[in-house]
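J.:
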Amino acid sequence: MTAETLQAPPVPTDRDAGWQDIAAVIGARILARLRKITASIRPLAWVLMATTVGFWVLGQVAGWSEFTVAAVVVAITVALCALFLIGRTAYDVSLDLARTRVVVGERAVGALTLANRGTRAILPSRVVLPVGSGRGEFGIQRLAPGEEAEELFAIPTQKRGVVKVGPVSVVRGDPLGLFERAHRRDDPVDLYVHPRTVLFDGQSLGYLRDLEGLPAADLSRDDVSFHALNEYQPGDDLRHVHWKSTARTGVMMVRQYEETRRSHFVIGLSRSSGDYATNEDFELAISAAGSIGLRAIRDSQRVDVRVQGRDLPAGTGKQLLDSLSAVEHSKPRDGGIAELAGVVAAHMPLASVVVLVCGSKVSTDSLRLACARLPFGARVLAIVADGTVSSPALQRIGDADVMTIGALEQVPLALRKVLA
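What follows is the structure in structure tokens.
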């Protein structure tokens, strides 16, 4: 074995590592630029470029000048179309909705303003505005420096939901549709399409509001609602000793209190598709839940709304309606109204009023089971949405009042029957 074979391989120096890093950065930038360029090429352009290569090869191999001329013509056409991508599209984009919250069926309009704040003119371009699952397109003419273009648009609100408007995309392309370059501008805006609700007055559905809460039948050693005096028992709080009675009787007496509870209003809205006969019944149930929730909020009650899988924010009327706008059908594994009632009982055991809202496909046995699972002592009201009934119907299932409605306007009448 010679000395040459025993030599160690050369160790890379810091200079070599630096050149490798520079080459990696340059390669990444070139790759990113190539991806950006290829993203601008539409499928038709790829077909024409492949046709050009095929015609050129066929013309050279077979000696057919017609194919060579056709290849040249197609190549020139593609090159001319590519020139349309040259130019700036640096618009100052402003997306403004007249109202970000509307009720189903109300008119919703917006304005899209594009301004050229640069020092050079911007060639004509096309603006794409996604609206929910659809999109609108606007043709913008050449804008000189300092000029603005405004486009008004209407948003369909026939269905309840949260409609995402935007983001705006400025598209530059050629007349043949071979190339297209899009730049996103501005951030999307959410339009809340609230369910229909009905306002009604009358007696509150829950307990009357009181600063200290309302006394309950349960007795407590520590609360604010005084009930009676009892003899001292080991473990009683000495702070509750009634000294005047102790001095008079010679026996240590302590105060006993009634537990006081604040009104806790809970709405359990089933979003199981198996509980509803039609989608219209599902929308009716959501509208009824929203109407009753708004009434409870106006009564200054603590309102919680529960659906399969999650709680809905309902601290204010706006939060409640925003939450109901996004409600969709749940998955079958989430269960129906009976499973929802069990979740309400587990997470809200101190609820004072519980309103269950479901559809007409819920059987009487399932509804009885759901009501039986609710917290003991809570007032229970069940609302069944059934578009086939012409007038509200009231029945009693266990300790629960069950009312069936066929239209949103029947909710106040049905509640008056329940509270009568």
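Per the working numbering, residue 2 is the first one in the sequence shown, and the count goes up by one each step. A virtual CB, placed ideally from N, CA and C, is assigned to each residue, including glycine.
Rounded to whole angstroms, how far is the Cβ of residue 394 from the Cβ of residue 381, which I believe are closer than 8 Å?
T.: So it is not a contact: roughly 17 Å between Cβ atoms.
J.: Please give me, in chain order, every unbroken run of the alpha helix (DSSP H) with length at least 4 that falls completely inside the segment 333-412.
T.: Listed in chain order, they are 338-348 and 365-374.
J.: In chain order, what residues of the same chain lie with their CB nearer than 6 Å to the CB of residue 408, ignoring the 5 residues before and after it?
T.: none
J.: Quick one: Cα of residue 103 to Cα of residue 295, how far?
T.: Straight across, the Cα-Cα distance linking residue 103 with residue 295 is about 16 Å.
J.: Residues in its own chain within less than 7 Å of residue 63 by CB, not counting five upstream and five downstream?
T.: none
J.: Name the one or two DSSP bridge partners that residue 131 has.
T.: 136
J.: Helix or strand or just coil, what does DSSP make of residue 241?
T.: helix
J.: Return the CA-CA distance between residue 298 and residue 318, expressed in angstroms with no decimal places.
T.: 7 Å
J.: Between which two residues does the beta strand (DSSP E) harbouring residue 306 extend?
T.: 303-308
J.: Of all the options 233, 322 and 358, which has the alpha carbon lying nearest to the alpha carbon of residue 267?
T.: 358
J.: Between residue 93 and the rest of its own chain, which residues show a CB-CB distance below 6 Å, the 5 nearest in sequence each way excluded?
T.: 116 and 118
J.: Can you check whether the CB of residue 188 is closer than 8 Å to the CB of residue 167?
T.: yes
J.: Would you mind reading off the limits of the alpha helix (DSSP H) that contains residue 323?
T.: 318-326
J.: Could you check the C-alpha separation between residue 370 and residue 339 for me, to the nearest Å?
T.: 6 Å
J.: Mapping the DSSP letters down to three states, classify residue 180 as helix, strand or coil.
T.: Looking at residue 180 - three-state DSSP - the assignment turns out to be strand.
J.: Strictly by DSSP, which residues pair up with residue 193?
T.: 102 and 163
J.: Thinking just about the alpha-carbon of each residue, which of 71, 61 and 33 is nearest to the one in residue 449?
T.: Any answer about residue 449 is impossible in this case: the structure gives the chain only from 2 up to 421.
J.: Let me know if residue 27 comes out buried or exposed under the rule of 16 or more other beta-carbons within 10 Å of its beta-carbon.
T.: exposed
J.: On the criterion of 16 or more Cβ atoms from any shown chain inside 10 Å, does residue 220 qualify as buried, or is it exposed?
T.: Low confidence applies here, because residue 220 scores a pLDDT of 45, under 50, leaving its location unreliable; read the following figure in that light. When all chains shown are included, residue 220 counts as exposed.
J.: Can you check DSSP and say which residues form a bridge with residue 144?
T.: 123
J.: Any idea what DSSP makes of residue 83, helix, strand or coil?
T.: helix
J.: Could you say if the segment 193-204 and the segment 142-149 meet the contact criterion of at least three C-beta pairs nearer than 8 Å?
T.: no
J.: Between which residues of its own chain and residue 247 is the CB-CB distance below 6 Å, once the five residues before and five after are set aside?
T.: 253 and 254
J.: Could you tell me which of 176, 184, 97 and 202 sits nearest to residue 190, measuring between CA atoms?
T.: 97
J.: For residue 250 and residue 256, what's the separation of their Cα atoms in angstroms?
T.: Taking the straight line from one Cα to the other gives about 15 Å.
J.: Mapping the DSSP letters down to three states, classify residue 114 as helix, strand or coil.
T.: strand
J.: Less than 8 Å between C-beta atoms, sequence neighbours within five positions excluded: which residues of the same chain meet that for residue 120?
T.: 146
J.: Please classify residue 329: does DSSP put it in a helix, a strand, or coil?
T.: coil
J.: Would the segment 234-245 count as touching the segment 272-282 if we require 3 or more Cβ pairs under 8 Å?
T.: no
J.: Looking at the strands, I want to know which residues DSSP matches up with residue 234.
T.: Residue 234 is not bridged to any residue.
J.: Suppose the cutoff is 7 Å on Cβ atoms and the five residues either side in sequence are ignored; what does the same chain contact list for residue 4 look like?
T.: At residue 4 the pLDDT is 48, less than 50, meaning the model places this residue with poor confidence; the figure from the coordinates comes in the next sentence. Excluding residues within five positions, none has a Cβ falling inside 7 Å.
J.: In the structure shown, what three-state DSSP assignment does residue 107 receive?
T.: coil
J.: Give me whichever residues DSSP pairs with residue 312 in a beta bridge.
T.: 307
J.: Name the DSSP beta bridge partners of residue 151, please?
T.: 114
J.: Drop a sphere of 10 angstroms on the beta-carbon of residue 291, count the other beta-carbons inside from all chains shown, and report buried for 16 or more, exposed for fewer.
T.: buried
J.: In whole angstroms, give me the CA-to-CA distance for residue 310 and residue 335.
T.: 7 Å
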